[in-house]
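Here's the structure, in structure tokens; my notes come after.
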Amino acid sequence: MAAANKVRVGVLGAGAWARHAHLPGCQRDARCEVVAIADPQLDLARDAARAFDIPAVTADARDLFGRDDIDAIDVCTPSATHFE
Ligand SMILES: NC(=O)c1ccc[n+]([C@@H]2O[C@H](COP(=O)([O-])OP(=O)(O)OC[C@H]3O[C@@H](n4cnc5c(N)ncnc54)[C@H](O)[C@@H]3O)[C@@H](O)[C@H]2O)c1
1 MAAANKVRVG VLGAGAWARH AHLPGCQRDA RCEVVAIADP QLDLARDAAR
51 AFDIPAVTAD ARDLFGRDDI DAIDVCTPSA THFE
């Protein structure tokens, strides 16, 4: 599928659910492209980026919000942080 037709996703959190469920799901779906991942535990974010070929990594979720190349945010952080 051409890149222009894909939903470009930014992922918040590189913990268990991101790595074992959401990122593999995105990888399987040709309509989806993960373009960035954020986690304050930067090593976890870097590991996930390497494993899932994600080009951008940051420790600060707010870095993703201003980007115009992200169509959807996938929240994989602890439940207590979801509202914020
Ligand atoms: N979809 C499902 O079926 C399902 C099932 C269980 C849990 N969950 C959800 O997944 C959440 C995460 O669970 P987990 O087991 O992956 O937890 P986890 O602790 O393994 O991972 C959470 C990650 O989020 C990061 N994080 C915390 N605050 C952040 C922020 N502001 N921005 C970016 N990253 C941040 C943490 O550093 C951590 O690496 C749960 O709290 C729950 O909401 C979903």
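The sequence shown begins at 1 in this note's numbering and counts up one residue at a time. Glycine included, every Cβ here is placed at the ideal spot set by N, Cα and C.
Leaving out five residues before and five after Val9 in sequence, what residues of the same chain have Cβ atoms less than 8 Å from its Cβ?
Within the same chain, Cys26, Cys32, Glu33, Val34, Val35, Ile70, Asp71, Ala72, Ile73, Asp74 come within 8 Å of Val9 by CB-CB distance, once the 5 residues on both sides are set aside.
Exposure label - Val11; buried when at least 16 CB within 10 Å
Under this definition Val11 is a buried residue.
For the beta strand (DSSP E) that Gly10 lies in, which residues bound it at each end?
Counting along the chain, the beta strand (DSSP E) containing Gly10 begins and ends at 7-12.
Is the beta carbon of Leu23 closer than 9 Å to that of Phe65?
No Cβ-Cβ contact shorter than 9 Å links Phe65 with Leu23.
Answer yes or no: the CB of Gly15 versus the heavy atoms of ligand 1, is any distance below 8 Å?
Yes, the Cβ of Gly15 comes within 8 Å of a heavy atom of ligand 1.
Going straight from the alpha carbon of Asp63 to that of Ala30, what length do you get?
Taking the straight line joining both Cα atoms gives about 25 Å.
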